[in-house]
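Enquirer: First residue of the sequence shown: 49, per my numbering; consecutive thereafter. Quick reminder that beta carbons are idealized off the backbone N, C-alpha and C, glycines included. Note that the coordinates shown come from a computational prediction; the quantities given were computed from them, not determined experimentally. What follows is a single structure, and I will ask about it in a moment.
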Amino acid sequence: MRASKTPGPEISDPSTKESSDRYRDRWRWDKTFWATHCVDCYPGNCPYKVFVRDGKVIAEEQAATFPIIDANVPDLNPMGCQKGAAWSQLLDSPERVLHPLKRAGERGEAKWEQVTWDKALTEIADHMLDAIEDGGPETIIREGTPGEGGLLTGFPFGRLIEMIGGLTPDVNGVINDFSTGIYITYGKFDPASSIDDIFYSDFIMYTHMNPVYTQIPAYHFTAEARYKGAEVVLVAPDVSPSHTHADYHVPIKPGTDAALGLSMAQVIIDEELYEAPFVKEQTDLPLLVRLDTRQFLRQCDLREGGRDDQFYVWDTVSDSLTESPLETLDLGEIDPALTGAYTAELADGQRVEVLPVFELLKDRLKDYTPEKAQAMCDVHPDTTRMLARKIASKRGTIFCGGTSFKYFHSDLMVRSYLLVLGLTGNWGRKGTGAGEWSVAGFDGPFIFGAKEKPGLEETRRVLEMRNAAVKMFKDQDPTRTDEMAHIEMMRAMVPQMAMVPPAFFWYYHCGFKDNWNRKEWSEPTMQRDFDEYLEESLERGWWSGRPGPDVVPRVYFEVGGNTMRRTRGGQNQLLKSLWSNLKCAVTVDWRMHTTGLLSDYFLPVAHHYEKIAFMFPTPQLMNLTFSDKAVEPPPDVKDEVEIGILLAEKIQERAKARGIVEYSDTQGTERRLDDIVNRYTKDGAFRDAEAIADEWIVDSAESGNFDKGLNLEKMKEKGYQRFKNWGIGAMSYSQASDIKDDETHTAFRWHVEKKVPFPTLTRRAQFYIDHEWFLEAGEELPCHKDNPPQGGDYPFVLTSGHNRWSVHSMNITNRLLQETHRGKPNIVMNPDDASRLGIEDDEEVEITNDMGVFISPVKLSPGVQPGQIVSYNGWEPYQYRTWKGASDVETGMVKWLHFAGGSGHLRYWPMQWQPVPFDRGIRVNVSKLD
Ligand code: SF4
Numbered sequence: 049m050r051a052s053k054t055p056g057p058e059i060s061d062p063s064t065k066e067s068s069d070r071y072r073d074r075w076r077w078d079k080t081f082w083a084t085h086c087v088d089c090y091p092g093n094c095p096y097k098v099f100v101r102d103g104k105v106i107a108e109e110q111a112a113t114f115p116i117i118d119a120n121v122p123d124l125n126p127m128g129c130q131k132g133a134a135w136s137q138l139l140d141s142p143e144r145v146l147h148p149l150k151r152a153g154e155r156g157e158a159k160w161e162q163v164t165w166d167k168a169l170t171e172i173a174d175h176m177l178d179a180i181e182d183g184g185p186e187t188i189i190r191e192g193t194p195g196e197g198g199l200l201t202g203f204p205f206g207r208l209i210e211m212i213g214g215l216t217p218d219v220n221g222v223i224n225d226f227s228t229g230i231y232i233t234y235g236k237f238d239p240a241s242s243i244d245d246i247f248y249s250d251f252i253m254y255t256h257m258n259p260v261y262t263q264i265p266a267y268h269f270t271a272e273a274r275y276k277g278a279e280v281v282l283v284a285p286d287v288s289p290s291h292t293h294a295d296y297h298v299p300i301k302p303g304t305d306a307a308l309g310l311s312m313a314q315v316i317i318d319e320e321l322y323e324a325p326f327v328k329e330q331t332d333l334p335l336l337v338r339l340d341t342r343q344f345l346r347q348c349d350l351r352e353g354g355r356d357d358q359f360y361v362w363d364t365v366s367d368s369l370t371e372s373p374l375e376t377l378d379l380g381e382i383d384p385a386l387t388g389a390y391t392a393e394l395a396d397g398q399r400v401e402v403l404p405v406f407e408l409l410k411d412r413l414k415d416y417t418p419e420k421a422q423a424m425c426d427v428h429p430d431t432t433r434m435l436a437r438k439i440a441s442k443r444g445t446i447f448c449g450g451t452s453f454k455y456f457h458s459d460l461m462v463r464s465y466l467l468v469l470g471l472t473g474n475w476g477r478k479g480t481g482a483g484e485w486s487v488a489g490f491d492g493p494f495i496f497g498a499k500e501k502p503g504l505e506e507t508r509r510v511l512e513m514r515n516a517a518v519k520m521f522k523d524q525d526p527t528r529t530d531e532m533a534h535i536e537m538m539r540a541m542v543p544q545m546a547m548v549p550p551a552f553f554w555y556y557h558c559g560f561k562d563n564w565n566r567k568e569w570s571e572p573t574m575q576r577d578f579d580e581y582l583e584e585s586l587e588r589g590w591w592s593g594r595p596g597p598d599v600v601p602r603v604y605f606e607v608g609g610n611t612m613r614r615t616r617g618g619q620n621q622l623l624k625s626l627w628s629n630l631k632c633a634v635t636v637d638w639r640m641h642t643t644g645l646l647s648d649y650f651l652p653v654a655h656h657y658e659k660i661a662f663m664f665p666t667p668q669l670m671n672l673t674f675s676d677k678a679v680e681p682p683p684d685v686k687d688e689v690e691i692g693i694l695l696a697e698k699i700q701e702r703a704k705a706r707g708i709v710e711y712s713d714t715q716g717t718e719r720r721l722d723d724i725v726n727r728y729t730k731d732g733a734f735r736d737a738e739a740i741a742d743e744w745i746v747d748s749a750e751s752g753n754f755d756k757g758l759n760l761e762k763m764k765e766k767g768y769q770r771f772k773n774w775g776i777g778a779m780s781y782s783q784a785s786d787i788k789d790d791e792t793h794t795a796f797r798w799h800v801e802k803k804v805p806f807p808t809l810t811r812r813a814q815f816y817i818d819h820e821w822f823l824e825a826g827e828e829l830p831c832h833k834d835n836p837p838q839g840g841d842y843p844f845v846l847t848s849g850h851n852r853w854s855v856h857s858m859n860i861t862n863r864l865l866q867e868t869h870r871g872k873p874n875i876v877m878n879p880d881d882a883s884r885l886g887i888e889d890d891e892e893v894e895i896t897n898d899m900g901v902f903i904s905p906v907k908l909s910p911g912v913q914p915g916q917i918v919s920y921n922g923w924e925p926y927q928y929r930t931w932k933g934a935s936d937v938e939t940g941m942v943k944w945l946h947f948a949g950g951s952g953h954l955r956y957w958p959m960q961w962q963p964v965p966f967d968r969g970i971r972v973n974v975s976k977l978d
């Protein structure tokens, strides 16, 4: 067929010329700025260019200026997603709050009075002083955010709350992005290879992930690895967009991944596909366990005064009981037995039988042949065998995505997959490992917290002080690695920190005591009442238990987060407990959200592009990304640094007027309010965000993150900067790998190449936990346990994930993005279930359980398993008809075993070992609306 030529308008046509000029004019700009988006779109950090004309943002664009790092690997360009490309739409969105507000009706009644900053801050300061006088400073709570606004959002309030003696619930516990399974195994939760390292994989297994939705800027490395020959496996109950791009989709029954992982391990051992030298060197599988106590054989068993962390193997070379090296993973001349039974003579002359963990594991895996596992996880035995054989013969990675942490038995699920990686030699080598989230590479904020005055001289003093502290912890036990010494240093600082694991806040003050003690929602293998475990954990000093039962929260700051949306149980849980006791709830944010609607005061902050910001840097990107202030915020809106200073001034002023000069907090620390402004601003040196940002960058260059000479001015030109090293924080050491200028980053290379021990009890990747509670629960080794019926005896299982349009709730009302979908919340449901219940597409239904009810439109999709419903994360509760969403039916159960402590690595330090709440696999009913 011949195309006919359609005559187009002549360019000389004046009307067309006018419209083309108008179009060109639309895209004319007079300035550009670097920017990124601080929204925990992990790993985020995409560098953008923001275009400004006449003081208004007119557009943004992916920068795409990354250099090639590894000549064998595609570059990072371009990084971005549709949220970032529509970001500037939010600046003028109707949700923006442009003046400080004070509640004028009942909470949630949406009646507000516009007030001055002075009035709002005076009243808030008085509430804080009332709280200090009535119940002590720990009755003041600040919830934080990992994302919104970046490091300069959380920092000002975190610092102020810490100075007055208030508390900040550990954000990694609050949002449960903490993988207990990874922590139990490695003594740290955050190995995080760079996103381009996956290009080296031959076998990429995604579990509990939908990277096509959630890793938009990074997913191309998976696609490129696939072009190179890698096989991609998606293990997920439902068909997600990632299914389309995978070689295999394994539609597993929700929450049964431990059965699949253990079954793969069974095949690998049964068919002798495991990498024995790696297993002997890197893992605890050769360590000997006493059959009489089921605990590791320790030096203190064998001789009076022996170490309780010196463990043993049976050396097949000398045919004798031999100490497992403490200071290195290198086995030297030793060749430990993985199988067999041996005898050890104890200090009292008693002889006991000992077995390598590997023998015990083999015994346990008898319950997980592929045929037996099929009954648990619905995966066909042929598929299990295929997966096991493939990963054993390839460079493999298993991504245990964030959803896996949110199941009750997430630890068992993840431990089982890590066992597969350990058996097959798949960590510490390019293209291998279990990816997680992490923060590293920006020491400035941490150094700043320890400095008493500005300047490099003071920085050097802080660095020397830190070196001396690390040396002290190494002197205490010369076998400790640098990483272990840093972790012990963090643990020693915990009593003085504002940050506390949130479990006790929830238990005592948010009504979760009742939920956690409901036997019918809980785990049948829990041998005792929940409270018995909790009380024992406190009596034995494993936890501080702050804030205790008598420290009733009175003032609550939500800074950049959204408590009512993200807390499990939502309004059903919090309004009747925490919220009813609060004298003052303050939201600090740029937009009105559900928590803001239920607050007493709303303090409006500058949005991205209206303030400088740093998204927290991640090892996946290896860059510090800077976001500049491209335009001025609206006149009555301030950034968080300024608000923090104004609040500090107001606290000092009101404290003076009320005669409150000093007080002791619950830890006995003396707090003063008469000079808080000077201490907060370090004698006036840091009165704005630019001064703080510059100090952070310069200090980071001093500590070695970057080349010396980097400062804020240069960051404004460059936009981002690749790290030279991970820095001095304990989480930096978690990567256990050097940064090379021309290589992708692979976590754990120190462990594999340099034989540096892990920071676990046994100093090896640990699959056997001999803590008495784990033994009592039968979880000393990973096993499968069914998801308990949290929420009650109902026929549907509620799962979640991140939606495409808004990783969290920040973009969920972005008008441009709403036009790309139905623009309203939904639950996704299988059409057969819907037809059985007489439910049609887009019909509103009731979702109920013992926690409550929410009403939502339904989206029908055959991709969802029968019996499963999916409610993607991020919908604002106020988008639903009754202002209640999926979080309102979540139970927030925690696993009793995660209160275990006092042994080896099972001890809290910030962002690490702690009980976390679960929200996947909640039982619900779905019914038509009456
Ligand atoms: Fe990148 Fe996140 Fe911005 Fe999207 S929203 S462009 S992922 S930084």
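Looking at the structure shown, is Gln769 part of a helix, part of a strand, or coil, going by DSSP?
Expert: Working through the sequence shown from its first residue, we reach residue 769 at position 721. Looking at Gln769 - three-state DSSP - the assignment turns out to be strand.
Enquirer: Quick check: the Cα distance between Pro404 and Glu536, rounded to an integer number of angstroms?
Expert: Counted from its first residue, the sequence shown places residue 404 at position 356. Counted from its first residue, the sequence shown places residue 536 at position 488. Taking the straight line from one Cα to the other gives about 29 Å.
Enquirer: Tell me whether Thr794 is buried or exposed, calling it buried when 16 or more other Cβ atoms sit within 10 Å of its Cβ.
Expert: What you label residue 794 is simply residue 746 of the sequence shown in a count that begins at 1. Thr794 comes out buried.
Enquirer: Check whether the Cβ atoms of Pro665 and Leu672 sit closer than 7 Å, and answer yes or no.
Expert: Walking along the sequence shown from the start, residue 665 turns up at place 617. Walking along the sequence shown from the start, residue 672 turns up at place 624. In this structure, Leu672 lies closer than 7 Å to Pro665 by Cβ.
Enquirer: Taking the C-alpha atoms as reference points, what is the distance between Pro980 and Gly353?
Expert: Outside the shown range of the chain (49 to 978) lies residue 980, about which nothing can therefore be said.
Enquirer: So, Val518 versus Ile495, is the Cβ gap smaller than 7 Å?
Expert: Position 470 of the sequence shown holds residue 518. Position 447 of the sequence shown holds residue 495. Cβ atoms of Val518 and Ile495: not closer than 7 Å.
Enquirer: Could you tell me the distance, in whole angstroms, from the CA atom of Thr170 to the CA atom of Ile699?
Expert: Reading the sequence shown from its first residue, position 122 is the one you call residue 170. Reading the sequence shown from its first residue, position 651 is the one you call residue 699. Answer to the nearest angstrom: the Cα atoms are 8 Å apart.
Enquirer: Does the beta-carbon of Ser975 have 16 or more other beta-carbons within 10 angstroms, so that it is buried, or is it exposed?
Expert: Residue numbering aside, residue 975 sits at position 927 when the sequence shown is read from its first letter. Exposed, by the Cβ-count rule.
Enquirer: On the three-state DSSP scale, how would you describe Phe205?
Expert: Along the sequence shown, one-based indexing puts residue 205 at 157. Here Phe205 sits in helix by DSSP.
Enquirer: Could you work out which residue in Ala392, Lys420, Phe359 and Gly608 is closest to Met312 when comparing CA atoms only?
Expert: Taking the sequence shown and counting its residues from 1, one reaches residue 312 at position 264. The candidate whose alpha carbon is nearest that of Met312 is Lys420.
Enquirer: Name the one or two DSSP bridge partners that Ile895 has.
Expert: Against the sequence shown, residue 895 aligns to sequence position 847. Per DSSP, Phe902 and Val974.
Enquirer: Does Ser366 pass the burial test, meaning 16 or more other C-beta atoms within 10 Å, or should it be called exposed?
Expert: Start at 1 with the first residue of the sequence shown, and residue 366 comes out as number 318. Burial call: exposed.
Enquirer: For a quick check, are the C-beta atoms of Gly839 and Asn753 less than 7 Å apart?
Expert: By one-based count along the sequence shown, residue 839 stands at place 791. By one-based count along the sequence shown, residue 753 stands at place 705. Contact: no.
Enquirer: Below 7 Å CB to CB, which residues in the same chain sit around Glu381 once its five sequence neighbours on both sides are set aside?
Expert: Here residue 381 refers to the residue found at position 333 when the sequence shown is read from its first residue. Counting only Cβ-Cβ distances below 7 Å, and skipping sequence neighbours, we find Val365.
Enquirer: Check whether the Cβ atoms of Cys86 and Gly195 sit closer than 7 Å, and answer yes or no.
Expert: Stepping through the sequence shown from its first residue, residue 86 is reached at position 38. Stepping through the sequence shown from its first residue, residue 195 is reached at position 147. Yes. Within cutoff.
Enquirer: Could you tell me if the beta carbon of Gly270 falls within a distance shorter than 6 Å of some heavy atom in ligand 1?
Expert: Position 222 of the sequence shown holds residue 270. A small fix is needed here, since residue 270 is Thr in this sequence, not Gly. Answer for Thr270: no, Cβ out of range of ligand 1.
Enquirer: Leaving out five residues on either side along the sequence, give the residues of the same chain with a beta carbon under 7 Å from the beta carbon of Thr270.
Expert: What you label residue 270 is simply residue 222 of the sequence shown in a count that begins at 1. Here the set comprises Ile246, Ile252, Pro259 and Val280.
Enquirer: Using CA atoms only, rank isn't needed, just tell me which of Arg797, Val222 and Glu584 is closest to Pro550.
Expert: In the sequence shown, residue 550 corresponds to position 502, counting from 1. Ranking the options by Cα distance to Pro550, first place goes to Val222.
Enquirer: Per DSSP, Asn921 forms a beta bridge with which residues?
Expert: Counting from 1 along the sequence shown, the entry for residue 921 is found at position 873. His850.
Enquirer: In the DSSP assignment, find the beta strand (DSSP E) that holds Arg1013 and state where it starts and stops.
Expert: Residue coverage of the chain in this structure runs from 49 to 978, which leaves residue 1013 outside it and unanswerable.
Enquirer: Would you say Lys772 reaches chain B, if we count a Cβ-Cβ gap shorter than 7 Å as a contact?
Expert: In the structure shown, chain B cannot be found, because there is only a single protein chain.
Enquirer: What residue ranges within the stretch 351 to 434 form continuous beta strand (DSSP E) runs of no fewer than 3 residues, ordered along the chain?
Expert: Complete beta strand (DSSP E) runs here, min 3: 360 to 363, 368 to 371, 390 to 393 and 399 to 404.
Enquirer: According to DSSP, is Met127 part of a helix, a strand, or is it coil?
Expert: Reading the sequence shown from its first residue, position 79 is the one you call residue 127. Met127: coil per DSSP, three-state reduction.
Enquirer: What did DSSP end up calling Ala51 once you bin it into helix, strand or coil?
Expert: Reading the sequence shown from its first residue, position 3 is the one you call residue 51. The predicted model places Ala51 with a pLDDT of 38, which falls under 50 and marks its position as unreliable, so this point remains unresolved.
Enquirer: Can you determine whether any heavy atom of ligand 1 sits closer than 6 Å to the C-beta of Gly949, and answer yes or no?
Expert: Numbered from its first residue, the sequence shown carries residue 949 at position 901. No, Cβ of Gly949 sits at least 6 Å from all heavy atoms of ligand 1.
Enquirer: Going straight from the alpha carbon of Ser857 to that of Phe734, what length do you get?
Expert: For the purposes of this step, residue 857 is identified with residue 809 of the sequence shown, where counting begins at 1. For the purposes of this step, residue 734 is identified with residue 686 of the sequence shown, where counting begins at 1. Going from the Cα of Ser857 to the Cα of Phe734 covers about 32 Å.
Enquirer: Which same chain residues end up closer than 8 Å to Leu386 when comparing Cβ atoms and leaving out the 5 residues on each side of it in sequence?
Expert: On the sequence shown, position 338 is the one that residue 386 refers to. Only Ala324, Val327, Lys328, Leu333, Pro334, Pro404, Phe406 and Glu407 meet the Cβ criterion.
Enquirer: Could you work out which residue in Val876, Asp880 and Arg870 is closest to Val893 when comparing CA atoms only?
Expert: In the sequence shown, counting from the first residue as 1, residue 893 sits at position 845. For the residues Val876, Asp880 and Arg870, the minimum Cα distance to Val893 belongs to Val876.
Enquirer: Work out the CA separation of Ala179 and Tyr711 for me, nearest whole Å.
Expert: Walking along the sequence shown from the start, residue 711 turns up at place 663. Walking along the sequence shown from the start, residue 179 turns up at place 131. Going from the Cα of Tyr711 to the Cα of Ala179 covers about 12 Å.
Enquirer: Between the beta-carbon of Asp676 and the beta-carbon of Trp82, is there less than 7 Å?
Expert: On the sequence shown, position 628 is the one that residue 676 refers to. On the sequence shown, position 34 is the one that residue 82 refers to. Result yes, Cβ atoms of Asp676 and Trp82 sit closer than 7 Å.
Enquirer: Are the Cβ atoms of Gly309 and Val468 separated by less than 7 Å?
Expert: Residue mapping note: residue 309 aligns to position 261 of the sequence shown, counting from 1. Residue mapping note: residue 468 aligns to position 420 of the sequence shown, counting from 1. Yes, they are a contact pair.
Enquirer: Return the Cβ separation of Ile708 and Val636 in integer angstroms, given the expectation that the two are a contact with Cβ distance under 8 Å.
Expert: As a working mapping, residue 708 is identified with position 660 in the sequence shown. As a working mapping, residue 636 is identified with position 588 in the sequence shown. Rounded, the Cβ-Cβ distance is 23 Å, inconsistent with contact.
Enquirer: Quick check for students: name the residue ranges of the alpha helix (DSSP H) that lie wholly in the stretch 274 to 317, counting only runs of 4 or more.
Expert: Entirely contained in the stretch 274 to 317, the alpha helix (DSSP H) runs reaching 4 residues are, in chain order, 289 to 292.
Enquirer: Output the residue ranges of the alpha helix (DSSP H) runs that lie fully inside the stretch 725 to 753 and measure 4 residues or longer, sorted by chain position.
Expert: For the stretch 725 to 753, whole alpha helix (DSSP H) runs of length 4 or above, ordered along the chain, are 737 to 751.
Enquirer: Does the separation of the CB atoms of Leu149 and Trp160 fall below 7 Å?
Expert: Here residue 149 refers to the residue found at position 101 of the sequence shown. Here residue 160 refers to the residue found at position 112 of the sequence shown. Against a cut-off of 7 Å, the Cβ pair of Trp160 and Leu149 comes out as a contact.
Enquirer: To the nearest angstrom, report how far apart Asp841 and Val603 are at their CA atoms.
Expert: What you label residue 841 is simply residue 793 of the sequence shown in a count that begins at 1. What you label residue 603 is simply residue 555 of the sequence shown in a count that begins at 1. Whole-angstrom Cα-Cα distance: 37 Å.
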